[in-house]
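J.: Before I ask anything, here is the structure I am working with.
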Amino acid sequence: MNGEQRDPQAGTVDGPGAARVPRPRTAGGTGLLQIRDLRVSYRDRGVPLPAVRGVDLTLAAGETLGLAGESGCGKSTLAGALLRLLPGNAEVSGEILLNGSDVLKMSWGRLRAVRWNEASIVFQGAMHALNPVRSIGRQIAEAIVLHAPKSSAATARKQVGELLEQVGVPAWRAESYPHELSGGQKQRVMIAMALACSPQLIIADEPTTALDVMVQAQVLTLLKQLVQERGVGLILISHDLSVLASTCDRVAVMYAGRIVEQGPGHRLFADAAHPYAQALAAAFPVIGDMASRRAPRGLPGDPPDPRELGGGCAFAPRCPVAVAECVEYDIRLRTVDTERSAACVHVGVPA
Amino acid sequence: MSVSLHPVLEARNLHVGFGGRGKGVPPVRAVDGVELSVDRGQIVALAGESGSGKTTLARTLLGLQRPNEGQVLHHGRPLDYSSRGLKALRRKVQLVLQDPTGALNPRRTVYEAVAEGLRIHKVPGNERELVAKALSQAGLRPAERFFQRYPHELSGGQRQRVVIAGALVLEPELIIADEPVASLDASVRGEILALLLSLRDELGLSVLVVTHDLGLAWNIADRLAVMYLGRIVEVGRTEQVLAAPKHPYTAALVSVLPEATGRTPVILSGESPDPSRIPAGCRFHPRCPALASGLAQRAGIADRCVGETLPVLPLHGPHAAACLLSGHIGDGIAGAAGGSPTGLLSA
Ligand SMILES: Nc1ncnc2c1ncn2[C@@H]1O[C@H](COP(=O)(O)OP(=O)(O)OP(=O)(O)O)[C@@H](O)[C@H]1O
Ligand SMILES: Nc1ncnc2c1ncn2[C@@H]1O[C@H](COP(=O)(O)OP(=O)(O)O)[C@@H](O)[C@H]1O
Ligand code: SF4
Ligand code: SF4
Ligand SMILES: [Mg+2]
Ligand SMILES: [Mg+2]
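Note that the protein sequences, when read in sequence, are chains A and B.
Just so we're aligned, residue 1 is where the first sequence starts under our numbering, counting upward by one.
Just so we're aligned, residue 1001 is where the second sequence starts under our numbering, counting upward by one.
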């Protein structure tokens, strides 16, 4: 489960010689990103491996969307697809509208401009991708110069200092090398690099997974500030539903390449409708809740092999409340209430 | 649980340092005066942020690291550091590490991985039966179906079960688990923790689990010790420590848990305090929100916070914290400290 999944190239997006294009800022905070029926299939030794199987999502400016799910469910693949950063064996279909234009149909030139001016990704484990023999200031300056080739060395240096201060790393740290920084500081440097282009959309893939609680809280607070102060749209990816519930306006839970539940973050954690989302929420105890004291809860079994998915609910083999209907036909998202939807036969009416 | 009757392993006034050989290079005081005991059938969690000395303490308890001062007692007797003594200790006290993938040799089957300990320690008996028993105790059933599998054919959770089976096969008294679920998925995490709990209940196993995950402590630990800069700053029954922390550091850790509701998070600025420069007075004072907010001043202890060396918390006894405030405001520390978060990004 751990070993085989790979992430697209580590590090922030890089696009040499990006053209400067005017940036259409979305008015009123709607429709920064719209994803419709996104599908990604990897060709794996001739066999198709469907990693994302029909995902619809929207994100407004100033909004935070959480994406949860266990390893291999397609979170990083989805993130990579948004900026067309997947390896060559990936086939992508559907629509990804960023400020109204379809990322999947863009020319390379336009795509490069988008990667620099509209959206950035902080990849999973990206902090390990910092070049060990260059000072972090130089690495951030390179990002700035790539993005704005005409900026002078002095301007770039000043901007490096500003970016570092913005993410809570003292400006003098620009002289430091990666090994002189802690994990949390490196992660913040990666966020500073992602900010070099003042993006409208930031995608952060497991930005706090390797960090301890205090540093995690620092990084999450920083991301929340960016959303509030600059109105960026944030997609936060994690397998820790408790992190997402506390940080995100909305959370989508993925299972086997599909969204199985979507709704406000706090409600998903406190009272999930889909049995998989319930199991994920129960995996993180609420301290003080005697029901979880000396009673850790997990979910037996493994996620399905995407190559062997048949019809029916993909969660059925692990589901404690499965019924005969579950394997008979495909179960799509249904309305739970005005705010939520979930893909389970036990839920409301088909959406 | 006040007086311990059957301590399996104890740390007494333990100090462990590194380096300091070069000119002007101060030695790192990774473990700086620790008293800790793990009793028979007890699950103790050792929490604290990165670099606080948890792993160094665990390694010292295992005899993998020699203390500079103080000692480790196994059933009340000081560790025997001869190779024979250490070999005997390692049969009784087993280590389980964070990353099951790194702990397993990719070219060895599950059977070989589990049998290895039996061969090293020349354990008499039927090897196949012992291996099968350990695998099924670790929840891999029927065990024979896993014998010939290789690590890459297993999920992350199954790999961690194989590592645990490799420890169980020697019928240890104590397992020291360093972040045993940190690299595992949320869904698998609960399964592995439930396994540790059932091993304690069924086999009377003791567990010392090292983690920065307080939810893990809530899930399984009887006692919780919180470490800061090489020293245990708070210890007690898990419910007490988490529900009513007495030390401002513990209160801050609890307040930043994502699921903490209703509490203002106290986000400490800076990170990884430097164990080569442990502050004088209370070692937490440069980051202490109670000192910064004036709470310590109002309690009349601010001068002592920066000047007075605090005593080491005793080995046994009730819920206690190494903080001058703890006598003054008792259970109120979380609320009191929570009202005045220090600035996040002022590091
Ligand atoms: N062999 C060594 N040489 C020098 N310093 C060391 C050595 N091992 C550990 N240290 C230092 O001792 C301190 C405590 O390290 P330790 O690994 O015990 O921390 P920890 O609490 O386990 O942290 P984490 O949560 O990151 O695993 C750190 O400052 C570390 O850099
Ligand atoms: N480059 C690739 N080639 C083939 N399969 C891949 C590749 N990258 C990911 N996969 C597969 O796609 C699925 C989804 O992976 P991923 O998006 O990385 O999941 P997550 O980020 O949720 O852990 C997994 O089954 C994984 O093994
Ligand atoms: S549709 Fe059936 S199998 Fe799927 S989650 Fe709902 S009850 Fe379980
Ligand atoms: S002794 Fe003083 S500085 Fe130390 S934790 Fe208590 S209040 Fe804070
Ligand atoms: Mg991923
Ligand atoms: Mg450690």
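Even glycine gets a Cβ: it sits at the ideal position worked out from N, Cα and C.
Since we're looking at a predicted model, the values are computed, not measured.
Alpha carbon to alpha carbon, how far is residue 1268 of chain B from residue 1252 of chain B? Give it in angstroms, no decimals.
T.: 7 angstroms
J.: Quick check on the burial criterion: 16 or more other C-beta atoms within 10 angstroms. Buried or exposed for residue 1283 of chain B?
T.: buried
J.: Looking at C-beta atoms only, is the number of pairs between the segment 1208-1219 of chain B and the segment 1040-1056 of chain B that lie closer than 8 angstroms three or more?
T.: yes
J.: With H, G and I counted as helix, E and B as strand and the rest as coil, what does DSSP make of residue 1234 of chain B?
T.: strand
J.: Nearest CA to the CA of residue 1238 of chain B: which residue from B:1308, B:1222, B:1112?
T.: B:1222
J.: Taking the alpha helix (DSSP H) that residue 229 of chain A belongs to, which residues open and close that run?
T.: 213-230
J.: What are the residues in the segment 218-237 of chain A lying within 9 angstroms of chain B by C-beta distance?
T.: So the close ones are 218, 220, 221, 222, 225.
J.: Please report whether the beta-carbon of residue 1031 of chain B lies at a distance below 8 angstroms from any beta-carbon of chain A.
T.: no
J.: Pick out every residue whose C-beta is nearer than 5 angstroms to a heavy atom of ligand 3: which are they, in chain order?
T.: Here the list is A:275, A:313, A:315, A:316, A:319, A:321, A:322, A:326, A:331, A:344, A:345.
J.: From A:155, A:134, A:135, pick the residue whose C-alpha is nearest to that of residue 144 of chain A; which is it?
T.: A:155
J.: So, do the segment 1070-1077 of chain B and the segment 1100-1114 of chain B have three or more beta carbon pairs nearer to each other than 8 angstroms?
T.: no
J.: When burial is assigned at 16 or more other CB atoms within 10 Å of the CB, is residue 1064 of chain B buried or exposed?
T.: In the assembly as shown, residue 1064 of chain B is an exposed residue. Its beta-carbon has fewer than 16 other beta-carbons within 10 Å.
J.: Please check if any C-beta of chain A sits within less than 8 angstroms of the C-beta of residue 1214 of chain B.
T.: yes
J.: Below 7 angstroms between beta carbons is the criterion; list the residues of the segment 64-79 of chain A that meet it against any residue of chain B, in chain order.
T.: Here the close residues are 70, 71.
J.: What does residue 1105 of chain B touch in chain A if you count any residue whose Cβ is under 9 angstroms from its own?
T.: Contacts between residue 1105 of chain B and chain A, judged by CB atoms closer than 9 angstroms, are missing: the closest CB pair is about 14 angstroms apart.
J.: Can you check whether the C-beta of residue 1206 of chain B is within less than 8 angstroms of a C-beta belonging to chain A?
T.: no
J.: Among all the DSSP beta bridges, which residues are the ones paired with residue 120 of chain A?
T.: A:202
J.: Are any of the Cβ atoms in chain A nearer than 8 angstroms to that of residue 1400 of chain B?
T.: Chain B is shown only over 1001 to 1347; residue 1400 of chain B falls outside these bounds and no answer can be derived.
J.: Taking Cβ to Cβ, would you say residue 267 of chain A is nearer than 8 angstroms to residue 219 of chain A?
T.: no
J.: Is it buried or exposed, residue 1152 of chain B, if we count other Cβ atoms within 10 angstroms and call 16 or more buried?
T.: exposed
J.: Consider the Cβ of residue 15 of chain A: report whether some Cβ of chain B lies at a distance smaller than 8 angstroms.
T.: At residue 15 of chain A, the pLDDT of 34 sits below 50, so the modelled position is not reliable; the number obtained from the coordinates is stated separately. So no, residue 15 of chain A is outside the interface.
J.: Three-state secondary structure (DSSP) at residue 1319 of chain B?
T.: Here DSSP, grouped into helix, strand and coil, assigns residue 1319 of chain B to coil.
J.: So, with DSSP's three-state summary, where would you put residue 44 of chain A?
T.: strand
J.: So for residue 1018 of chain B, helix, strand or coil by DSSP?
T.: Residue 1018 of chain B carries a strand assignment under DSSP once its states are collapsed to helix, strand and coil.
J.: How about residue 1243 of chain B: is its C-beta nearer than 8 angstroms to some C-beta of chain A?
T.: Closer than 8 angstroms: yes.
J.: In terms of alpha-carbon separation, which member of B:1189, B:1233, B:1144 lies closest to residue 1098 of chain B?
T.: B:1189
J.: Under 8 angstroms, do residue 199 of chain A and residue 107 of chain A count as touching if we go by C-beta distance?
T.: no
J.: Can you pull the chain A residues whose beta carbon is under 9 angstroms from the beta carbon of residue 1189 of chain B, in chain order?
T.: 283, 284, 296, 298
J.: How would you call residue 1016 of chain B, buried or exposed, if buried means at least 16 neighbouring beta carbons within 10 angstroms?
T.: Label assigned to residue 1016 of chain B: buried.
J.: Return the residues of the segment 1045-1061 of chain B that lie within a Cβ-Cβ distance of less than 7 angstroms from chain A, sorted by chain order.
T.: Within the segment 1045-1061 of chain B, the qualifying residues are 1049, 1050.
J.: Can you grab the Cα-Cα spacing for the pair residue 45 of chain A / residue 1250 of chain B, in whole Å?
T.: Here the alpha carbons of residue 1250 of chain B and residue 45 of chain A stand approximately 51 angstroms from one another.
J.: Please decide whether residue 1 of chain A counts as near chain B, where near means a Cβ-Cβ distance under 8 angstroms.
T.: Here residue 1 of chain A scores only 36 on pLDDT, less than 50, and its place in the model is too uncertain to base an answer on.
J.: Considering Cα atoms alone, identify which of B:1138, B:1143, B:1119, B:1122 is closest to residue 1129 of chain B.
T.: B:1143
J.: Quick one: give me the first and last residue of the alpha helix (DSSP H) that residue 1094 of chain B is part of.
T.: Counting along the chain, residue 1094 of chain B falls outside any alpha helix (DSSP H), though it belongs to the beta strand (DSSP E) covering 1093-1096.
J.: Any heavy atom of ligand 4 within a distance shorter than 7 angstroms of the CB on residue 248 of chain A?
T.: no
J.: Please confirm if the segment 1082-1094 of chain B is in contact with the segment 1171-1183 of chain B, defined as three or more CB-CB distances below 8 angstroms between the two stretches.
T.: yes
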